[in-house]
Amino acid sequence: MAVANSAAGNTKWLKCPGLSRAVSSWARASHNDTMILLFTDFGYEGPYVGQMKAVLHRLAPETRVIDIIHDAPVWNPRAAAYLLAALARESEVGDVWLCVVDPGVGGSRLPVVLDCGGVFFVGPNNGLFEPIRRRIPDASLTSIDWRPERLSATFHGRDLFAPVAAMIARGEVMPGGSVAVDKQRTGADWPDDLAEVIYIDAYGNLMTGIAGSTLNDGHKLRIGSETLAYARTFSEVPAAALFWHRNSSGLVEIAANQARAVDLLGVAPSTPVAVI
Amino acid sequence: MAVANSAAGNTKWLKCPGLSRAVSSWARASHNDTMILLFTDFGYEGPYVGQMKAVLHRLAPETRVIDIIHDAPVWNPRAAAYLLAALARESEVGDVWLCVVDPGVGGSRLPVVLDCGGVFFVGPNNGLFEPIRRRIPDASLTSIDWRPERLSATFHGRDLFAPVAAMIARGEVMPGGSVAVDKQRTGADWPDDLAEVIYIDAYGNLMTGIAGSTLNDGHKLRIGSETLAYARTFSEVPAAALFWHRNSSGLVEIAANQARAVDLLGVAPSTPVAVI
Amino acid sequence: MAVANSAAGNTKWLKCPGLSRAVSSWARASHNDTMILLFTDFGYEGPYVGQMKAVLHRLAPETRVIDIIHDAPVWNPRAAAYLLAALARESEVGDVWLCVVDPGVGGSRLPVVLDCGGVFFVGPNNGLFEPIRRRIPDASLTSIDWRPERLSATFHGRDLFAPVAAMIARGEVMPGGSVAVDKQRTGADWPDDLAEVIYIDAYGNLMTGIAGSTLNDGHKLRIGSETLAYARTFSEVPAAALFWHRNSSGLVEIAANQARAVDLLGVAPSTPVAVI
């Protein structure tokens, strides 16, 4: 079973061009092409995303901010980590990912930046960046020593991570510098691919934490009592038939043609899957 | 009954200024005032809208992107087409509508651009642009021959339609050119106004696909076993009373004062209505 | 009980820097740092927010628009007013708040602008700005005399308030001028702090309309049959334990550690709370 050992031969899974260009991380020349991408579990309702974006706009008014996802696995940095690694595959130099899945906010977990040669990930040191870290050998994980004048007990996304993302987007050196924390990282014992349901989309498709590139078309997927074969896309199976495919973010996904796989299977996030 | 034949005398329903200004479609001088407007059935959760916007920002960083609606009738290009025609009424030269209600993604349906003299609609050739096409006599419908290096089987919104919308926003000629497909268009047999519920909004109001301008105030609307009279607005009827009015997008809409029409009527999208 | 009389000693609750800088309200020199912040009860689905943003972009293309919240208390300007006052605390000169919680749209309520010395609030004169007005002694409330060419009966957010917000963001004098309406303001009899649940967030936390600064840590909060003690943050109480804290917007909030307070208490918006 190829899943557990896939990363070694797969270091370009995150196609980060920064790895082949010499980019000084904390002091980039220009911010014209910078983009801040938001990855949170805040949900789509309420003021939290907006408050964070207001801070970003005040501190980096020329930087475009893109909402990638706000319903990442809630309070589940492990599942969220594999989703983030998939969504971040197409990152380009200058991208700053602001990532907040942070059940330990207000506790002792460190705030960190993962620098993948010009693509940055800002967030809590709770394993959220571990799958990316593992795929980018030259990436460096450093603690954020800077603290804002006012730090609420419950909203570091707005008060700490957003200002740091803005500083990086502006090409500034963070006051206080940073310290490598590669040795303290959470998730070092996590698998390279997570063989469970990590996200259920609005159409009822089940994303797993398994990279599509680690399976061949002959592999089958077992979930509950069902065994599913591969199909390239929806229209290649009969209506309501279940199958697995490589989704548009590169993950192994369980889907059904013109039907909701989640309802057909009656499963929830974190349900394990097995590759056979 | 005026509904079925309304379009002939109603060609300015889409108030597209481009029709009276000579605009070279594929090569506009400036993109400063360009706006890309998103119309999809992706829903508001999950990463799909964000991934599409990230592509738009990379390819047309100076163009503002506006989310008009992401809960257009799911997998229902016919109902969505009449909603789009209503929402697009106020378009101005330079607007690029990126429209993805595309149940046939990955199949044989063509990607197309409808050019209404400087207002563009990019999306699948499944009838989504048919009501607009019919109201703008000079509009041209052309196929998109360009293909990206990487085209996923399931996400043409991100991989194909978004890059094309960005090219148009930048005033570029599309590589590969385009071919008129006016003769192959889907929906040529659809009515000018769609006498059914096409969208139910968050307040429980029921939008129909009937242009408000085709009815006079004496018309009544029949839905299920109810017959509804016209009122100008909510406060002109008693609390919880049902009525029809011309909504802020110009459509005939069924509503109730301080109550949810959808709950009072117990109806679903696609329920037919009759004008009497 | 300190709640009812807190505002007198609390006039800086809205930390509006404009109060200490001399800013000519209607004619600011530059709009580079201007931001339009949206506060509505439109919900997150449907076309209404997008249509409003399209208007803003056409009229003030250089101004960033931030969605602060779109699920403000529906049709409840009183509860919404206290939430707005909390969210607007961090406003800066140049901010234009576009606020639409407007059950009286189409009726006789005036459209108004509250000018807090360079921070503006545009919306209906239904009390929505009253708590802010009361905390900023120099603020002026003026009616909006300008009317658009086309004013729908039901969507003043798009047709009237958005264009006015754009004019202010551009630093323009509003055609028609404005008249002080301080004497006609709604909500003059409302309390300084609203001792009820005004908003329930996606995590099930219950925000009240009580400013956190008006209570000390020894105060207890009574809701239903429960009496809750203060804790600084979630991790300071046992799992599933209820407590009150000052939330990241400065409001007294009822929460539970790793659980949904709303479900534990079984309460709804507008439930009264008592400080003891």
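Protein chains in written order, with the numbering used here: chain A, 1 to 276; chain B, 1 to 276; chain C, 1 to 276. Every residue gets a Cβ at the ideal spot worked out from N, C-alpha and C, and that includes glycine. None of the values given here were measured: they were computed from a predicted structure.
- Here the stretch 67 to 76 of chain A does not lie against the stretch 131 to 144 of chain A, with fewer than 3 beta-carbon pairs under 8 Å apart.
- Measuring C-alpha to C-alpha distances from Thr-233/C to each of Gly-224/C, Val-273/C, Val-252/C, Ser-225/C identifies Val-252/C as the nearest.
- Looking at the DSSP output, Asp-95/A shares a beta bridge with Met-35/A.
- Using beta-carbon distances, Thr-40/A does not count as an interface residue toward chain B, since no partner is under 8 Å.
- In the DSSP annotation of this structure, the continuous segment of the alpha helix (DSSP H) that includes Arg-134/B starts and ends at 130 to 135.
- Distance from the Cα of Lys-53/A is smallest, within the candidate group Asp-159/A, Arg-260/A, Thr-186/A, Arg-185/A, for Asp-159/A.
- If the five residues before and after Ala-165/C are omitted, its C-beta is found closer than 6 Å to the C-beta atoms of Ile-36, Val-96, Leu-98, Val-122, all from its own chain and listed in chain order.
- Taking CB atoms only, Arg-170/A has no neighbour in chain C less than 8 Å away.
- Counting every other CB atom within 10 Å of its CB across the protein chains shown gives Val-173/B a total below 16, marking it as exposed.
- Restricting attention to Ile-68/A, Gly-46/A, Leu-83/A, Ala-60/A, the CA atom closest to the CA of Asp-33/A is found in Ala-60/A.
- Membership of Gly-123/C in the beta strand (DSSP E) is indicated by the continuous run 120 to 124.
- Shown in chain order are the members of the stretch 131 to 161 of chain C whose Cβ falls below 8 Å from a Cβ of chain B: Ser-152, Ala-153, Thr-154, Phe-155, Arg-158, Asp-159.
- At a cut-off of 8 Å between C-beta atoms, Arg-109/C does not count as an interface residue with respect to chain B.
- In this chain, the alpha helix (DSSP H) harbouring His-57/C covers 48 to 59.
- Ala-241/A and Phe-42/B have their C-alpha atoms roughly 22 Å apart.
- Counting of Cβ neighbours within 10 angstroms places Thr-227/C among the exposed residues, the total staying below 16.
- Along the stretch 57 to 80 of chain A, the positions whose C-beta sits under 7 Å from a C-beta of chain B are Arg-64, Ile-66, Asp-67, Ile-68, Ile-69, Asp-71, read in chain order.
- Chain-ordered, the chain C residues with CB closer than 7 Å to the CB of Gly-50/A read Ile-66, Asp-67, Ile-68, Ile-69.
- Note on Asn-216/B: under 16 other CB atoms within 10 angstroms of its CB, so exposed under the neighbour-count rule.
- The secondary-structure analysis by DSSP pairs His-245/B across a beta bridge with Glu-253/B.
- In this structure, Ala-80/C and Leu-128/C form a Cβ contact; the two beta carbons are roughly 6 Å apart against a cut-off of 8 Å.
- Taking C-beta atoms as the reference points, Gly-157/B and Thr-40/B count as a pair closer than 8 Å.
- DSSP, reduced to helix, strand and coil, places Asp-263/C within a helical segment of the structure shown.
- At a cut-off of 8 Å between beta-carbon atoms, Gly-106/A makes contact with chain C.
- Across the set Arg-150/B, Ala-195/B, Ser-213/B, the C-alpha of Ala-195/B shows the shortest separation from the C-alpha of Leu-206/B.
- Going by DSSP, Tyr-82/C is part of the alpha helix (DSSP H) stretching over 77 to 87.
- For Tyr-44/B, the residues of chain A that pass the 7 Å Cβ criterion are Tyr-44, in the order they occur in the chain.
- Proximity of Ala-256/C to chain B, defined by a Cβ-Cβ separation below 8 Å, is not satisfied.
- A Cβ-Cβ distance of about 5 Å is found for the pair Tyr-82/B and Ile-198/B, placing them in contact under the 8 Å criterion.
- The beta carbon of Trp-244/C sits closer than 7 Å to the beta carbons of Leu-221, Leu-228, Tyr-230, Val-252, Glu-253, Ile-254 from its chain, once the five residues preceding and following it are set aside; these are given in chain order.
- For the stretch 221 to 243 of chain B, the beta-carbon criterion of a distance under 8 Å to any beta-carbon of chain C is satisfied by Arg-232, Thr-233, Phe-234, Ser-235.
- For Asp-67/B, same chain residues with a beta-carbon under 6 Å away, outside a window of 5 residues either side, are Leu-38 in chain order.
- Taking a C-beta distance under 8 Å as the contact criterion, Gly-106/B and Ser-235/A qualify as a contact pair.
- Going by DSSP, Ala-165/C is part of the alpha helix (DSSP H) stretching over 162 to 169.
- Per the coordinates, the alpha-carbon of Met-167/A lies some 41 Å from the alpha-carbon of Tyr-203/B.
- With contacts defined as CB atoms closer than 8 Å, Gly-94/C and Pro-124/C fail to qualify as a contacting pair.
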